[in-house]
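Q: Sharing a structure with you now.
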Amino acid sequence: MNEYINRVLESVKAKNSHEPEYLQAVKEVLCSVEHLVEKHPEYEKLAILERMVEPERVISFRVPWINDNGEVIVNRGFRIQFSSLIGPYKGGLRFHPTVNQSIMKFLGFEQIFKNALTGLPIGGGKGGSDFDPKGKSDSEIMRFCQSFMTELYRHIGQDVDVPAGDIGVGGREIGYLFGQYKRIRDAYEGGVLTGKSICYGGSLGRTEATGYGLVFYTREMLKAHGNSLQGKIVTISGSGNVAIYACEKAQEYGAKVVAMSDSNGCIYDPHGIDLALIKQIKEVERGRIKEYLVKHPNADYIERTSEDSPIWNIKTDIALPCATQNELTLNSAKKLVENGVIAVAEGANMPCTQEATDYLLENKILVAPAKAANAGGVATSAIEMTQNSMRYYYTFDEVIEKLDCIMVNIFNACKDNAEKYGCAGNYVAGANLAAFEKLAEAMKCQGVV
Ligand code: NDP
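Following this line, the structure appears as structure tokens:
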């Protein structure tokens with residue numbers, strides 16, 4: 003490997019040895035930009051790599067709140083302001099018990115490249131808390147969100163840092179966060195958060211954007227290889243925001259989605275998933291996916307019993323991991339290949355382990371990398387910010403048309419860069435190369451900051 007890249011990687015390892023997800027994300031990017039770094043010897047002199055892997059700011063704070071039993075609970079909040087090179091920090095908030103600094107930094111790092119790929123003026127950030135929303139009452143969620151924002155508000159603003167949703171943070175949480183921000187600032191800054199409800203400044207199409215965008219990217223990737231979604235069998239992990247709308251668009255394109263999951267297990271319905279029922283269970287009742295069997299007793303439910311999710315054992319043409327990081331392991335990748343998969347498109351952030359991605363690529367499986375394939379969510383968040391600034395709204399069709407166009411451009415950037423640097427068909431490398439070059443050029447223009 004290139005000596006400069008190696009040296010930076012060693013230094014990142016030494017400084018962040020307790021942050022495995024962050025190291026994984028950095029290694030994945032740096033190892034794929036070797037040709038670019040060799041083409042630009044000035045990167046070393048200007049410490050481009052060193053600056054790229056060091057967040058501009060890491061914020062961690064206490065979030066005390068009172069539960070329904072009157073007990074005081076203390077959670078930890080984070081905001082990683084990774085890079086403001088090409089716009090205000092932008093990236094979601096995650097509420098999940100696994101949240102820690104390593105996960106926040108890996109997500110923030112991925113976000114800067116993803117946002118660069120959208121072609122829109124947004125920098126990269128990420129935040130969240132180790133708060134677990136599962137089983138909490140609505141008033142507990144509200145009190146937690148209010149306490150979280152009482153600390154976060156001083157770090158954000160519509161031209162500074164614009165958070166959105168992620169795992170555990172949907173329209174309800176964004177509403178409570180926005181209400182508290184507005185109350186503290188005593189001003190209506192519509193563009194300070196995205197993923198808002200339509201009734202107070204949200205964008206039509208934002209809810210659907212990440213899942214739809216993933217399928218638009220997959221459509222382009224298949225098209226480039228003379229194939230399409232029509233008639234394909236699809237399995238989708240997760241049953242949250244990304245998974246549900248990926249399923250909706252895949253079904254519209256004539257694919258048959260046969261399995262979806264949550265963290266406890268997966269359902270397999272060979273007749274095709276009843277998406278209206280999944281929406282009712284997950285979006286309305288906030289229940290478990292197992293409840294699908296009440297209305298469809300002939301479907302199968304497979305409990306998760308190990309690190310490897312059972313969903314990847316099901317025979318499929320296209321796999322869409324849309325749950326969480328490192329959910330698709332080497333074992334799962336082997337099983338997918340054995341069962342004849344043709345494409346894996348990442349809806350979640352870093353859902354495939356590095357070994358799984360390598361194995362899929364070695365076996366000539368088409369891999370759509372998360373930072374490109376799931377960029378439709380943040381791109382539509384940027385469209386929401388645009389509408390808030392204009393004080394004007396686009397129709398649903400206008401938003402989806404813009405989203406489609408952005409996803410086509412992102413796919414083309416991945417394809418062109420993979421070809422330019424001698425790895426045609428490797429869209430994982432193509433995405434990293436396209437985004438890295440753009441950010442490095444911006445860094446060169448702005449001097450040593
Ligand atoms: P949601 O909270 O709406 O849904 C998450 C889904 O993943 C749930 O079905 C959940 O199951 C499952 N899940 C979460 N953690 C685990 C775990 N440790 N093991 C197995 N399953 C798990 O989140 P989103 O759909 O918004 O996000 C999903 C992924 O997509 C994340 O990686 C996120 O970062 C990424 N993403 C989201 C975007 C968006 O616009 N929402 C934009 C770009 C990326 P359970 O209910 O059992 O926890």
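Heads up: the sequence shown at position 375 corresponds to 377 in the working numbering, and the numbers run straight through without jumps.
The C-beta atom is built at its ideal place from N, Cα and C for all residues, glycine as well.
(1) Under 8 Å by Cβ, that's how I've got ILE176 and GLY127 pegged, so tell me the actual separation to the nearest angstrom.
(2) Please state whether DSSP places PHE133 in a helix, a strand or coil.
(3) Just to check my reading of the structure: GLY197 and SER383 have Cβ atoms closer than 8 Å, yes? What is that Cβ distance to the nearest angstrom?
(4) Could you check whether the Cβ of THR220 sits closer than 8 Å to any heavy atom belonging to the ligand NDP?
(5) If you follow the beta strand (DSSP E) that ARG59 is in, where does it begin and where does it stop?
(6) Is GLY127 near the ligand NDP - that is, is its Cβ less than 8 Å away from at least one heavy atom of it?
(7) With hydrogens ignored, establish whether the beta-carbon of ASP264 is closer than 8 Å to any heavy atom of the ligand NDP.
(8) For GLN253, which residues of its own chain have a beta-carbon under 7 Å away from its beta-carbon, when the five flanking residues on both sides are left out?
(9) According to DSSP, PHE108 sits in a beta bridge with which residue or residues?
(10) If the criterion is Cβ atoms closer than 9 Å, does the pair ILE50 and MET445 meet it?
(11) Report the residue from SER139, LEU231, VAL410 and CYS416 whose alpha carbon sits nearest the alpha carbon of ILE452.
(12) Cβ atoms of LEU195 and PHE180: under 9 Å apart, would you say?
(13) What are the boundary residues of the alpha helix (DSSP H) that includes ASP161?
(14) Does the ligand NDP have even one heavy atom less than 8 Å from the beta-carbon of ARG81?
(15) Terminal residues of the continuous alpha helix (DSSP H) containing GLY173?
(16) Going by DSSP, what residues sit across from TYR270 in a beta bridge?
(17) The alpha helix (DSSP H) spanning PRO22 covers which residue range?
(18) Round the Cβ separation of TYR423 and LEU435 to the nearest angstrom and send it over; I've been treating them as touching at under 8 Å.
A: This is what the structure holds:
(1) Rounded, the Cβ-Cβ distance is 16 Å, inconsistent with contact.
(2) Collapsing the DSSP output to three states places PHE133 in coil.
(3) Contact between GLY197 and SER383 holds: their C-beta atoms lie close to 7 Å from each other, under 8 Å.
(4) Every heavy atom of the ligand NDP is 8 Å or more from the Cβ of THR220, so no.
(5) Residue range 59-68 is occupied by the beta strand (DSSP E) that includes ARG59.
(6) The ligand NDP never approaches GLY127 closely enough for any of its heavy atoms to be under 8 Å from the residue's Cβ.
(7) Between the ligand NDP and ASP264, a heavy atom-to-CB distance of less than 8 Å is present.
(8) Excluding positions up to five away in sequence, the list reads VAL259 and LEU277.
(9) As computed with DSSP, PHE108 is found in no beta bridge at all.
(10) Yes, they are a contact pair.
(11) The question about residue 452 has no answer here: the residues shown for the chain are numbered 3 through 451.
(12) Closer than 9 Å, so yes.
(13) From DSSP, ASP161 is part of no alpha helix (DSSP H); its letter is neither H nor E.
(14) No, the beta carbon of ARG81 sits no closer than 8 Å to any heavy atom of the ligand NDP.
(15) Element bounds for GLY173: 173-187.
(16) Answer is ALA261 and ASP302, bridged to TYR270.
(17) Its alpha helix (DSSP H) spans residues 22-32.
(18) Between TYR423 and LEU435, the beta carbon gap of about 5 Å places them in contact (Cβ cut-off 8 Å).
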